[in-house]
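Asker: Each residue of the sequence shown is one higher than the last, beginning at 9 in our numbering. Please read through the structure below; I'll follow up with questions.
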Amino acid sequence: MSPTPAPSEGTPLIAPEAPKPRRGVFDPVQRVMFTSFLCALSFSFTQSPLIYAFRIMTCDEYYKTHEWAGQGDRCAVHRIEADTASAVALVGASTMSFTIINVFVTGWWIKRFGVKAAMFQQTGWAAARNLCQIYAQTIGGQTGITIIQVTQVFNVMGSGGGYQLAASAFIAVLAEPEARTALFGVQGGVQMLGAAAGYVCGGLAYRYLGYLAPFEITFGLLVLTTIFGSVFLPYIAPDVASDAEKKKQGMLEPLKLFLPKRVEIGGRRKRDWNLFLLGAGAFFSVFATGYVPMALQLVATNVFGFEPTESGIMLSWTLLMKAFFLSVCFPRIISFGRRMLSHRSDVPSSAAIEHPEDPREAEEPSVVGAQRQEQARAPTDTAHGSTFDLYFLQWSIFLDSILTAGCAASTKGWHMYLAATVLPFASGTGAAAKGVTLDFVAPEQRSDALSAIALIEKLAYVSTIGVFGYAFSFLSEIGHPKFLFLANATVAIISFLLLIPVRMPRQGQIALA
């Protein structure tokens, strides 16, 4: 190695910047996004065909003991429709229950074996479940229905909720801190795009290629996703922990992150409620918005007489608009907001308040979190971290409440299409919640934090389906089904009020259990 030349009068005072490493055409983050798209496409491809498959098998079972003597659709019988609805409801309830368990399993798997292994456990078990669904339809009747219902237990090891959690864990590790929140939004948009494509393509495959075609194509997609991920996704080693620590880590461990904890500031201990309020706000955010797409379909069908084709187009359009907002608009909003916030002198930064001149300022409630490792941040992110992300989270749900309440004033069918176009522009609360939460925890707790958020969202979704499903039935009986949108908006306001007191973490704090 040649010796370094001594400086001279001609030596520049400021050394030239080292060249930045070139990013590949298909860098790891883009590979994760593509894999997320494939997973979303695969998991949604059989959603609509599966309902029709239940109808056919129920119809076959019915005519084992009955004779058909009419004309037209022989399955258009009230008993068949009722039995089909019951079978679909049972599968839906079991799928959601097993998916919630899968979120715990996936979080535990990420910590033990790494995120790559966790992600492709999802597609592997899903492929096995898909094969069982194909076999069930070749048998048909009640036996086929039972096989599909029983094999939903495979969701415990591999489900849509699990792959979403694994993809978020990939983003949390691979993304730069200043780009993390935006990429969570892009990830959500990519998944929406994949789901929309799956709904449409699955229905077309069923119509033009036969009733088994969607399931056979899905199996091929799941195998392709597994092979692609195993070859092209980067390996990320699991967190290193002692055997004693691993024994202490149970599957319910992630939820403890959102419990109020004590923090030590200036020698005094105080309860910190920021993470608890953030988790509660995230729960009520999903609780408020999770039923809105279903409410749009029900109101459009029952009040404005939409046909299934029109309803399907509206649902696909909503997903596409969400994909557009999260993938294109959301990252730019976050980047612009952080840049504007860093130019404001009236917003205190975490660095400025780490050592306050006034001792009384040190006694203010603060945020729990162990001393985090210092990470390089972009110039627009140095002073304020994810402060703008928190502002976005708070006011996005407020905007959502206003737009949702406006749906109650709809009087024409095209108003439903307008709502399906406008409501997605209040999306992004889930991505913002993930980005903000990761700034509250130590790096080694990120997988737990993502698992906890995913679990909160799933529980909120299950709750909103039950509560607002009953509420819609009640409001329909009294002749005011559109009032459901006002109820959704009210819950969104509750979420907004819970999020308002949340403050971003400060450095140099000690978290006590």
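Virtual Cβ for every residue (Gly too), placed ideally from N, Cα, C.
Please report the straight-line C-alpha distance between PHE504 and PHE396, rounded to a whole angstrom.
Answerer: If you take the alpha carbons of PHE504 and PHE396, they lie about 15 Å apart.
Asker: DSSP three-state call for VAL85: helix, strand or coil?
Answerer: In the structure shown, VAL85 sits in coil (DSSP, three-state: anything other than H, G, I, E or B).
Asker: Let me know if LYS264 comes out buried or exposed under the rule of 16 or more other beta-carbons within 10 Å of its beta-carbon.
Answerer: By the neighbour-count rule (16 or more Cβ atoms within 10 Å), LYS264 is not buried but exposed.
Asker: For VAL111, which residues of its own chain have a beta-carbon under 8 Å away from its beta-carbon, when the five flanking residues on both sides are left out?
Answerer: GLY169, GLY170, LEU173, SER459, ALA462, LEU463, LYS466.
Asker: Just the Cα atoms here: how many angstroms apart are MET348 and PRO57?
Answerer: Whole-angstrom Cα-Cα distance: 48 Å.
Asker: GLU315: buried (16+ other C-beta within 10 angstroms of its C-beta) or exposed?
Answerer: So GLU315 ends up on the exposed side.
Asker: If you count every other CB in all the chains shown that lies within 10 Å of the CB of GLY298, and 16 or more means buried, which is it?
Answerer: So GLY298 ends up on the buried side.
Asker: Do the CB positions of PRO513 and PHE448 come within less than 8 Å of each other?
Answerer: In contact: PRO513 and PHE448 (Cβ atoms closer than 8 Å).
Asker: Contact check, PRO222 vs GLY210 under 8 Å by CB: the rounded distance?
Answerer: At roughly 5 Å, the Cβ-Cβ gap stays under 8 Å, so PRO222 and GLY210 are in contact.
Asker: Would you mind sorting GLY80 into buried or exposed? The rule is 16 or more other CB atoms within 10 Å of its CB.
Answerer: Classification of GLY80: exposed, given that the 10 Å Cβ count is below 16.
Asker: So the candidates are VAL336, PRO301, SER335, GLN157; which of them puts its Cα closest to the Cα of ILE321?
Answerer: Nearest option by C-alpha distance: PRO301.
Asker: For SER319, which residues of its own chain have a beta-carbon under 7 Å away from its beta-carbon, when the five flanking residues on both sides are left out?
Answerer: GLN305, ALA308, THR309, listed in sequence order.
Asker: Leaving out five residues before and five after SER102 in sequence, what residues of the same chain have Cβ atoms less than 6 Å from its Cβ?
Answerer: For SER102, where only same-chain residues beyond five positions count, the Cβ hits under 6 Å are GLN160.
Asker: In its own chain, which residues sit with a C-beta less than 6 Å from the C-beta of THR43, not counting the 5 before and 5 after it?
Answerer: Closer than 6 Å at Cβ, skipping near neighbours: GLY237.
Asker: Please determine, among PHE162, PRO339, GLN157, the residue with the shortest C-alpha to C-alpha distance to THR437.
Answerer: Checked all of PHE162, PRO339, GLN157; the closest Cα to THR437 is PRO339.
Asker: Taking PHE266 as the reference, which of LEU446, GLN129, ALA497 has the closest Cα?
Answerer: For PHE266, the nearest C-alpha among the options comes from LEU446.
Asker: Helix, strand or coil: which one does DSSP assign to PRO373?
Answerer: Residue confidence for PRO373 is low, a pLDDT of 41 falling below 50, so the modelled location carries little weight and cannot support an answer.
Asker: When the distance is taken between beta carbons, is THR226 closer than 8 Å to PHE45?
Answerer: No, they are not a contact pair.
Asker: What are the uninterrupted segments assigned as beta strand (DSSP E) that are 3 or more residues long and contained completely in the segment 188–266, given in chain order?
Answerer: Taking only runs of at least 3 residues, no beta strand (DSSP E) segment lies wholly in the segment 188–266.
Asker: Is ILE486 buried or exposed, if buried means 16 or more other CB atoms sit within 10 Å of its CB?
Answerer: Answer is exposed; the Cβ neighbour count stays below 16.
Asker: Identify, in the order they occur along the chain, each residue of the same chain with its Cβ nearer than 8 Å to the Cβ of ASN138, setting aside the five sequence neighbours on each side.
Answerer: Once the five neighbours on either side are set aside, the close Cβ partners of ASN138 are THR54, PHE223, THR226, PHE227, LEU230.
Asker: If we ignore side chains and look at the alpha-carbon of each, how far apart do HIS86 and GLY149 end up?
Answerer: Approximately 17 Å, taken between the alpha carbons.
Asker: I'd like to confirm the pairing. Which residues does DSSP put opposite VAL99 in its beta bridges?
Answerer: VAL99 pairs with nothing; no bridge assigned.
Asker: From the DSSP output, which residues share a beta bridge with ARG279?
Answerer: Answer is ARG270, bridged to ARG279.
Asker: What whole-angstrom Cβ distance do ALA180 and ARG454 have, given they're in contact under 8 Å?
Answerer: Going by Cβ atoms, the distance from ALA180 to ARG454 rounds to 5 Å, so yes, they are a contact pair.
Asker: So the alpha helix (DSSP H) GLY132 belongs to, where does it begin and stop?
Answerer: Counting along the chain, the alpha helix (DSSP H) containing GLY132 begins and ends at 123–147.
Asker: Distance, Cα to Cα, TYR70 vs ARG63?
Answerer: When rounded, the distance between both Cα atoms is 10 Å.
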